[in-house]
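For reference, the structure discussed in these notes is given below.
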Amino acid sequence: MVFVIFVGGFFPILTNTLDGVAGVRRNYLLLAQTLGAKRRQVFWYVYLPASMPMILTGLRQGLGLCWFVIIAAEMLPGAESGIGYLLIYASDNAAMDIVIASMLIVGGIGALLGLMMRKIMSGLVRWHGKEI
Amino acid sequence: MTSGEINNSSKEIPMALELHKVGKTFQSDTGASVKALEDVNLLVHQGEFVTLLGATGCGKTTLLNLITGLDVANEGHLRLGEDLRFGDNIAHVFQHYTLFPWRTAASNVSFGLQMRGVRRAERQSRAVAMLTKVGLRGFENAYPHELSGGMRQRAAIAQALAIEPKLLLMDEPFGAVDDSTRTELQQMLTDLWQENQTTIIFVTHNIDEAIVLGSRVLVFRERPGKIACEFKIDLPRPRDRMNSEFTKLFIQIRTKLSGQLD
Numbered sequence: 017m018v019f020v021i022f023v024g025g026f027f028p029i030l031t032n033t034l035d036g037v038a039g040v041r042r043n044y045l046l047l048a049q050t051l052g053a054k055r056r057q058v059f060w061y062v063y064l065p066a067s068m069p070m071i072l073t074g075l076r077q078g079l080g081l082c083w084f085v086i087i088a089a090e091m092l093p094g095a096e097s098g099i100g101y102l103l104i105y106a107s108d109n110a111a112m113d114i115v116i117a118s119m120l121i122v123g124g125i126g127a128l129l130g131l132m133m134r135k136i137m138s139g140l141v142r143w144h145g146k147e148i
Numbered sequence: 011m012t013s014g015e016i017n018n019s020s021k022e023i024p025m026a027l028e029l030h031k032v033g034k035t036f037q038s039d040t041g042a043s044v045k046a047l048e049d050v051n052l053l054v055h056q057g058e059f060v061t062l063l064g065a066t067g068c069g070k071t072t073l074l075n076l077i078t079g080l081d082v083a084n085e086g087h088l089r090l091g092e093d094l095r096f097g098d099n100i101a102h103v104f105q106h107y108t109l110f111p112w113r114t115a116a117s118n119v120s121f122g123l124q125m126r127g128v129r130r131a132e133r134q135s136r137a138v139a140m141l142t143k144v145g146l147r148g149f150e151n152a153y154p155h156e157l158s159g160g161m162r163q164r165a166a167i168a169q170a171l172a173i174e175p176k177l178l179l180m181d182e183p184f185g186a187v188d189d190s191t192r193t194e195l196q197q198m199l200t201d202l203w204q205e206n207q208t209t210i211i212f213v214t215h216n217i218d219e220a221i222v223l224g225s226r227v228l229v230f231r232e233r234p235g236k237i238a239c240e241f242k243i244d245l246p247r248p249r250d251r252m253n254s255e256f257t258k259l260f261i262q263i264r265t266k267l268s269g270q271l272d
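Same order as they appear, the protein sequences are chains A and B.
Residue numbers for the first sequence follow the working numbering, beginning at 17 and rising by one.
Residue numbers for the second sequence follow the working numbering, beginning at 11 and rising by one.
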């Protein structure tokens, strides 16, 4: 299960972080250097905060993907518990009420996770999207 | 009157910057070489306020980049005053992206101090003092996107001055603000310069601005970038744009500049 989560979360986080770091404006690096920042300081005080919005976007996408990957994994044969398992089990036994309830819960939790990440993001990177 | 001659009368004032036959050629992707600067000779003494005037794309920015060490000259040599070090006491104010958008005004101003390991409490009090000096008291916790263009340039100047630079390079810092804000900023900069006696090299394409600010105006020629002539400005500060001496200089420089276009 840990492996499944890892695979689900890894790539969106990686690609977004890379995009974020590559997108740091050269001007900010120059500015930091003229103000006396050393290499290590440029990393901590420019690269990291400048790419923070993209890193958080990666985390958000990764988290969403993880959630659905977990459900999918629970649906595979061999799983013995979990909401994905419940959904398949109920559908095998023609319990439509449980199937629909499971679907709503999966969707609801997914949406909630997304919303939560969005809230965290807008709190952490207030400046994002309002670049000057 | 060329810039090459060394002025013996000001020998006792230490030199801040000396350029001798400096040239810079860029290689474009297609293989063609573009001569950005040619035979630039310049001597700046400590405490001088020099304005570089010329059309956009005449190599003024390249020259500043050579001085800060962001770029290297192909020809000639460039000498900085003994105690001047890039990343230490040379500050650079750009036209755009002058502040870190993820930091508040105060924490932008104290960035240089933070890099030097100054403690948080002292950083904060020095940042507030600096912001007060540039007229941004009460905006310590504002983010750059919450400030107007003129206020951002004020904060940028505070950020540069916070590291107590001995040489301040400014690359069209007031290019993106409206006229009346520009006039205010010019006045503020003049006051700060008179107070601190920092050496300032100020790039602009605005004749009026060059005369209002500089103790010397160096007029650049285009392609290749070269100092065409130099005007010494002895007008008392604050300078009156309606003064006849001022307008005479303006017309002289204007004529020099338009003469290049032919």
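Beta carbons are placed, not taken as given, at the ideal position from N, Cα and C, and that holds for glycine.
Cβ atoms of M125/B and L51/A come within 8 Å of each other, at about 6 Å.
Annotated as proximal: M140/B and A168/B, with beta-carbon spacing under 8 Å. Of all C-beta pairs linking the stretch 212 to 223 of chain B to the stretch 185 to 203 of chain B, three or more are shorter than 8 Å, placing the two stretches in contact. About 18 Å separates the Cβ atoms of I211/B and V82/B, ruling out a contact at the 8 Å cut-off.
F59/B and V141/A have their C-alpha atoms spaced approximately 39 Å apart.
Rounded to whole angstroms, the separation of the alpha carbons of P248/B and C68/B is 29 Å. Along the stretch 29 to 48 of chain A, the positions whose C-beta sits under 8 Å from a C-beta of chain B are R41, N43, Y44, L46, L47, A48, read in chain order. Residue environment analysis places S38/B among the exposed positions, since fewer than 16 neighbouring C-beta atoms fall within 10 angstroms of its C-beta. Restricting attention to alpha helix (DSSP H) runs no shorter than 4 residues, the stretch 78 to 133 of chain A encloses them at 99 to 108, ordered along the chain. Residue pairing by DSSP places L223/B opposite no residue, since no beta bridge is assigned to it. Positions of the alpha helix (DSSP H) runs, each at least 4 residues long and wholly inside the stretch 111 to 152 of chain B, are given as 115 to 119, 121 to 125, 130 to 143 in order along the chain.
Residues T33, G36 of the same chain have their beta carbon placed closer than 6 Å to that of I71/A, with the five preceding and five following residues left out of the count. In this structure, the alpha-carbon of L73/B lies about 27 Å from that of G39/A. When C-alpha distances from L171/B are compared across E22/B, V32/B, D98/B, the shortest belongs to D98/B. Excluding the 5 residues flanking it on each side, G80/A has same chain C-beta neighbours closer than 7 Å at G126, L129, G130, in chain order. In this chain, the beta strand (DSSP E) harbouring A238/B covers 236 to 242.
Close to V85/A, with beta-carbon spacing below 8 Å, lies no residue of chain B; the smallest spacing is near 32 Å.
Here T73/A has N32 as same chain residues with Cβ atoms under 6 Å from its own Cβ, once five neighbours each way along the sequence are excluded. The DSSP-derived three-state label of Q37/B is strand.
With fewer than 16 other Cβ atoms from the protein chains shown falling within 10 Å of its own Cβ, P93/A counts as exposed. P24/B counts as exposed, since fewer than 16 other C-beta atoms from the protein chains shown sit within 10 angstroms of its C-beta.
If you draw a straight line from the Cα of W83/A to the Cα of Q49/A, it comes to about 42 Å. Bounds of the beta strand (DSSP E) holding M180/B are 177 to 181. With at least 16 other beta carbons inside 10 angstroms of its own, G160/B counts as buried.
Per DSSP, the unbroken alpha helix (DSSP H) holding L45/A starts and ends at 42 to 50. At a beta-carbon threshold of 8 Å, none of the residues of chain B lie near T73/A; the nearest stands roughly 15 Å away. Taking C-beta separations shorter than 7 Å and ignoring five residues to either side along the sequence, the partners of V119/B in its chain run A137, M140, L141, A165, A168, Q169, A172, following chain order. Between the alpha carbons of N151/B and W112/B lies a gap of roughly 11 Å. Between P154/B and T208/B a beta carbon distance of about 24 Å is seen, past the 8 Å cut, so the two are scored as non-contacting. Taking a beta-carbon distance threshold of 8 Å, G139/A does not count as an interface residue toward chain B. Any Cβ of chain A closer than 8 Å to the Cβ of R126/B would place that residue at the interface, and such an atom is present.
Contact annotation, K31/B with L47/B: C-beta distance approximately 10 Å; criterion of less than 8 Å not satisfied. Under the 8 Å criterion on CB atoms, P111/B is classed as interfacial with respect to chain A. Taking a Cβ-Cβ threshold of 8 Å, the residues of chain B close to R142/A are Y153, in chain order. Following the DSSP letters along the chain, one finds E194/B inside the alpha helix (DSSP H) bounded by residues 189 to 206. Rounded to whole angstroms, the gap between the alpha carbons of E232/B and T61/B is 16 Å.
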